[in-house]
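Novice: Structure below; questions to follow.
In the numbering used here, the protein residues as written are 34 to 334.
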């Protein structure tokens, strides 16, 4: 079985971005907004900020109390939208219950939406237009390209219909001429639907949901789930995916958890930050040239 490891792919993206950044007359600037001190959010934001600075980007984290009102948050986003030095804005989720995350996404300038989740970018992506793409789906596509997994004409089943992964990933798969099914909690005979897949993507957030009998022998399996199921003797979280361990004996290729899709989410966030900066700052090189530089597919009808 081929292990679709994420770190080598992420490092390839970083090397390409560093080469590109050396040609730019400015340093792209990322702003990450975090509300409260949720341990997972603190860790994720720290990782994003550290990796951005390692790459050579300018990065700043704006931390607000968990009690911050939606009005206060939207006012801050408006300031970042108006700041010409800010190229990318990311509001770390989840947000406190008093904040409507959809309203937050609608408030972010689509040109600075490095999470790729605003309605404008989501809609443009589905229409095959230039857009900042959702980071995790874009990372999955980059992994499949890196390991030379063919997509055209293949049957892809995505288990999970979230705005974060399932829906945008379907759009990206369609762009590469795959035949796509999105399955979810009300799908009838989920196991039979999954067994149709040449490429099976699990993105639900339920440990061990995908069992070996749900996977066609030789299928490629992408595990997006990150589930905490306890701690080891050193007090560190034990992380497992949505795919049960036995699937490795059936699949031809599988992303590990941890170490699969996760590193790519951060890499594509920083890719989006550079993309956003180039678009906003009059693009010293053409968009298609930039896409070619990073080895990404152009949009085809």
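Note that CB positions come from ideal geometry on N, CA and C, so glycine has one too. If you're wondering where the values come from, they're calculated on a predicted model, not measured in any experiment.
For a test of the three-state rule: what should DSSP assign to residue 121, helix, strand or coil?
Specialist: strand
Novice: Give me the Cα-Cα distance between residue 38 and residue 121, rounded to the nearest whole angstrom.
Specialist: Straight-line Cα distance between these residues: approximately 27 Å.
Novice: Between which two residues does the alpha helix (DSSP H) holding residue 263 run?
Specialist: From DSSP, residue 263 is part of no alpha helix (DSSP H) but of the beta strand (DSSP E) over 260-264.
Novice: With distance defined between alpha-carbon atoms, name the residue in 142, 87, 147 nearest to residue 165.
Specialist: 147
Novice: Just the Cα atoms here: how many angstroms apart are residue 186 and residue 222?
Specialist: 24 Å
Novice: Name the residue from 215, 264, 256, 144 whose alpha carbon lies nearest to the alpha carbon of residue 118.
Specialist: 144
Novice: Among residues of its own chain, excluding the 5 on either side of residue 94, which ones have a beta-carbon nearer than 7 Å to its beta-carbon?
Specialist: 65, 67, 78, 82
Novice: Going by the C-beta, is residue 67 closer than 8 Å to any heavy atom of the ligand MN?
Specialist: This structure does not include the ligand MN; it has no bound ligands of any sort.
Novice: Look at residue 286 and residue 234 and say whether their C-beta atoms are less than 9 Å apart.
Specialist: no
Novice: Counting only beta-carbon separations shorter than 9 Å, does residue 49 have a partner in chain C?
Specialist: Going by chain labels, chain C is absent from the structure shown, which holds only one protein chain.
Novice: Just mark residue 328 as buried or exposed, buried being the case when its beta carbon has 16 or more other beta carbons within 10 Å.
Specialist: Below a pLDDT of 50, predicted positions are generally treated as unreliable, and residue 328, at 45, falls in that range; the measurement from the model is reported next regardless. With fewer than 16 Cβ atoms within 10 Å of its Cβ, residue 328 is classed as exposed.
Novice: Counting beta carbon pairs with one atom in the stretch 124-135 and one in the stretch 153-160, are three or more of them shorter than 8 Å?
Specialist: no
Novice: In the structure shown, what three-state DSSP assignment does residue 327 receive?
Specialist: The predicted position of residue 327 is uncertain, since its pLDDT is 46 and thus under 50; no value can be drawn from it.
Novice: Could you give the DSSP three-state label for residue 228: helix, strand or coil?
Specialist: It is helical.
Novice: Does the distance from the C-beta atom of residue 258 to that of residue 240 stay below 9 Å?
Specialist: yes
Novice: Excluding the 5 residues flanking residue 263 on each side, which residues of the same chain have their C-beta closer than 6 Å to its C-beta?
Specialist: 271
Novice: Since residue 82 is in the alpha helix (DSSP H), which residue starts that stretch and which ends it?
Specialist: 72-88
Novice: Would you list the one or two residues that DSSP bridges to residue 254?
Specialist: 233, 287
Novice: In the stretch 108-173, which residue ranges form an unbroken beta strand (DSSP E) of at least 3 residues, counting only runs that do not cross its ends?
Specialist: 121-124
Novice: Would you call the stretch 48-56 and the stretch 188-200 in contact, with 3 or more CB pairs under 8 Å?
Specialist: no
Novice: What residue does the alpha helix (DSSP H) around residue 313 start on, and which one ends it?
Specialist: 295-313 is the span of the alpha helix (DSSP H), which, as asked, contains residue 313.
Novice: What do you get for residue 305, buried or exposed, if any count of 16 or more other CB atoms within 10 angstroms of its CB means buried?
Specialist: Classification of residue 305: buried, given that the 10 Å Cβ count is 16 or more.
Novice: I think residue 170 touches residue 198, with their Cβ atoms under 8 Å apart; what is that distance to the nearest whole Å?
Specialist: 6 Å
Novice: List the residues that DSSP assigns as beta-bridge partners of residue 191.
Specialist: 215, 234
Novice: Where DSSP assigns a beta bridge to residue 179, which residues make up the other side?
Specialist: The partner list for residue 179 (beta bridge, DSSP) is empty, contrary to what the question assumes.
Novice: On the three-state DSSP scale, how would you describe residue 46?
Specialist: In this structure, residue 46 counts as helix in the three-state DSSP scheme.
Novice: Taking residue 98 as the reference, give the member of 123, 71, 89 with the closest Cα.
Specialist: 71
Novice: Residue 184 by DSSP, collapsed to three states: which one?
Specialist: coil
Novice: Let's test the definition: count the other Cβ atoms within 10 Å of the Cβ of residue 155 and tell me whether it reaches 16, buried, or not, exposed.
Specialist: buried
Novice: What three-state label does DSSP hand residue 65 in the structure shown?
Specialist: strand
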